[in-house]
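Counting in my numbering, the sequence shown runs from 41 upward without gaps.
In what follows, a single structure is set out as structure tokens and then discussed.
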Amino acid sequence: MYNVFPRIVEHLPGSHNTAFALIEEIKGFVSMQIQEHKETMDPSSPRDFIDSFLIRSNQEKDIPSTEFHHENLVSTVLNLFLAGTETTSSTIRYALSLFIKYPDIQEKMQHEIDTVIGQSCPSMENRKSLPFTDAVIHEVQRFLDIVPFSLPHYALHDISFRGYTIPKDTVIIPLLHSVLKEEKHWETPWTFNPKHFLDQNDNFKKNPSFMPFSAGKRACVGESLARMELFIFLVSLLQNFTFSCTGGPDTINLNPEFSSFANLPRSSEIIATPR
């Protein structure tokens, strides 16, 4: 039924309606911020992303095909909100649970961090010198699979895919979960295994099936921000603390709780012991 009437979900009762309402509320807040920027903006001195977008939008106002219009600005800022807050904080929480669950991995990360950068302030330039740490952070994102589905897309024209005809303007929601847990691309898809991102010489290796932020030109615009935050926050935490819990590693439940938007780590009491 959903394939035939994709918008029917908007008229059905359920918790998804709460999510839709909250998103509309955030959009309203974003629109207010955009209007405030329009009223106070100095084109010769942009203050932030919104100012820069508005300047470009004004430059291309006579181009019908421009992507720099109000709707795209609202959507982009909304994506940055979602990508830069709940998803990143939840991934960090889940990473701490994994460090407690696998203390040997936590210890190996700390040893690598101590050896390479010591107590210096971490930066993204250190990532290439910390292959195991980088691999663990990537595996945290793959294993948690925090957002099982990508943001909605539209078909630009009629498409024939695996015997199905997808009409132009159909809403398409890619399922990222099926890629991040695909047995053809991951040696142990249902097990936390940093070796998924390490080669035979323990150097970091990329995997084209790693796409927690979606893929292509319409991938999450907050990807770079999230990658930077995860790396710097987690390295800083491991520089200064060792994480454990009162009941021991076996009491940590790694099965995420599913909300209307994402897979979220379960709440647990942890102990942060200064190093």
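Beta carbons: idealized from backbone N, C-alpha and C, even for Gly.
Since we're looking at a predicted model, the values are computed, not measured.
Bridge partners - residue i, DSSP secondary structure assignment
i    : result
F189 : L215
F244 : L238
F281 : P314
E76  : E76 is not bridged to any residue.
Three-state class that DSSP yields for residue i in the structure shown
i    : result
A195 : coil
I103 : coil
I29  : Only positions 41 to 315 of the chain appear in the structure, and residue 29 is not among them; the question remains open.
Y204 : strand
L304 : strand
E222 : coil
E65  : helix
E297 : strand
H178 : helix
S97  : helix
P229 : coil
I48  : helix
L170 : coil
N92  : The displayed chain sequence assigns Ser, not Asn, to residue 92. Correct three-state label for S92: helix.
P252 : coil
D82  : coil
P289 : helix
F183 : helix
R267 : helix
T210 : coil
S163 : coil
9 Å Cβ cutoff met for residue i and residue j
i    : j    : result
I153 : H110 : no
P214 : F250 : no
K78  : L94  : yes
P234 : V176 : yes
T216 : P252 : Sequence check: residue 216 is Leu here, not Thr. For L216 and P252, yes; Cβs fall inside 9 Å.
S115 : F108 : no
P296 : Y134 : yes
Q150 : L274 : no
T291 : S276 : no
F237 : D174 : yes
E137 : I310 : The amino acid occupying residue 137 in the given sequence is Ser; Glu does not appear at that position. For S137 and I310, yes; Cβs fall inside 9 Å.
T128 : L294 : no
F244 : P171 : yes
R182 : W226 : yes
I206 : P192 : no
I132 : L113 : no
V156 : F232 : no
N303 : V219 : no
Min CB distance residue i to chain C below 9 Å
i    : result
Y134 : Reference to chain C is not applicable here, since this structure consists of a single protein chain.
How do the segment 156 to 166 and the segment 94 to 101 stand: do at least 3 beta-carbon pairs fall below 8 Å, yes or no? no
Three Cβ pairs or more, each shorter than 8 Å: is that satisfied between the segment 142 to 150 and the segment 279 to 295? yes
Can at least three beta-carbon pairs, one atom from the segment 164 to 174 and one from the segment 117 to 134, be found at a separation below 8 Å? no
Runs of alpha helix (DSSP H) lying entirely within the segment 112 to 160, each at least 4 residues, in chain order: 126 to 141 and 143 to 156
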